[in-house]
Amino acid sequence: MRVFVAVDPGAELLAKVGELLREISPRAPSAKWVEPAGLHITLAFMGEIGEERLPLVIAAAGSVAAFHRPLTLRIEKGGAFGTRRRPRVLWLGVGGAVGALTAIHRDLEQTLSLSTGYVPEDRPFEPHLTLARSRDPRGDPALDACAQAIGNVDFGETRVEEIVVYQSEMTPKGARYTALARVPLEG
1 MRVFVAVDPG
11 AELLAKVGEL
21 LREISPRAPS
31 AKWVEPAGLH
41 ITLAFMGEIG
51 EERLPLVIAA
61 AGSVAAFHRP
71 LTLRIEKGGA
81 FGTRRRPRVL
91 WLGVGGAVGA
101 LTAIHRDLEQ
111 TLSLSTGYVP
121 EDRPFEPHLT
131 LARSRDPRGD
141 PALDACAQAI
151 GNVDFGETRV
161 EEIVVYQSEM
171 TPKGARYTAL
181 ARVPLEG
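Last residue of the sequence shown: number 187 in UniProt numbering, and the count goes up by one each step with no gaps.
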């Protein structure tokens, strides 16, 4: 099973982002657009794991959540990963209590590493909401126009009160995410 650990923005914020997606997605019709209900901020991507390791992942999320309090994030300022001429990923940035979110990410990676052998990514943590991905591995020039259009958006604040362990299943229509466990931030 393919597993990742994330935090979710609130339903009100997702509705606002959904309006944005309906507005800008026609500008890049060949991109894979994320459904608003599937938007999340990834803390750790485990990839393929055996079902026997799932309880260890859930336990790690729970032990980290026990030491961290709920936090408020701000969803703002969009952009793209990849080159400007051929972006690969369109995203919305995260502001607000990013230091607290980064601490959760760091503690989660360390706990997962010790309990499951998880190997943390070799790049800095850049919390974001992925809106769309290029179907072409070289990127999609149309996503640049979308990135320009969302460069200064501000969706306001959202409260994060739990860590979620998800299963990701690839389908012909894109990834489908199923929450396997939700653990409240209680610190």
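All residues carry an ideal CB built from backbone N, CA and C; glycine is no exception.
For T83, there is no enclosing beta strand (DSSP E), as DSSP marks it with neither H nor E.
The beta carbons of A6 and I49 sit no closer together than 7 Å. Scanning its chain for C-beta atoms nearer than 8 Å, with the 5 sequence neighbours on each side dropped, one finds around V98 the residues L73 and P127, in chain order.
Annotated three-state conformation of V34 is coil, per DSSP.
One thing to note: G10 has its Cβ no nearer than 7 Å to the Cβ of V183. With a minimum length of 3 residues, the unbroken runs of beta strand (DSSP E) contained wholly in the UniProt domain "Phosphoesterase HXTX" (100-177) fall at 128-133, 154-160 and 162-171. Shown here for T83: same chain residues with a beta carbon closer than 8 Å to its own, the five before and five after excluded, namely G139 in chain order.
Within the same chain, Cβ atoms closer than 6 Å to the Cβ of L71 are found at A97, A100 and V160, the five residues on either side in sequence being excluded.
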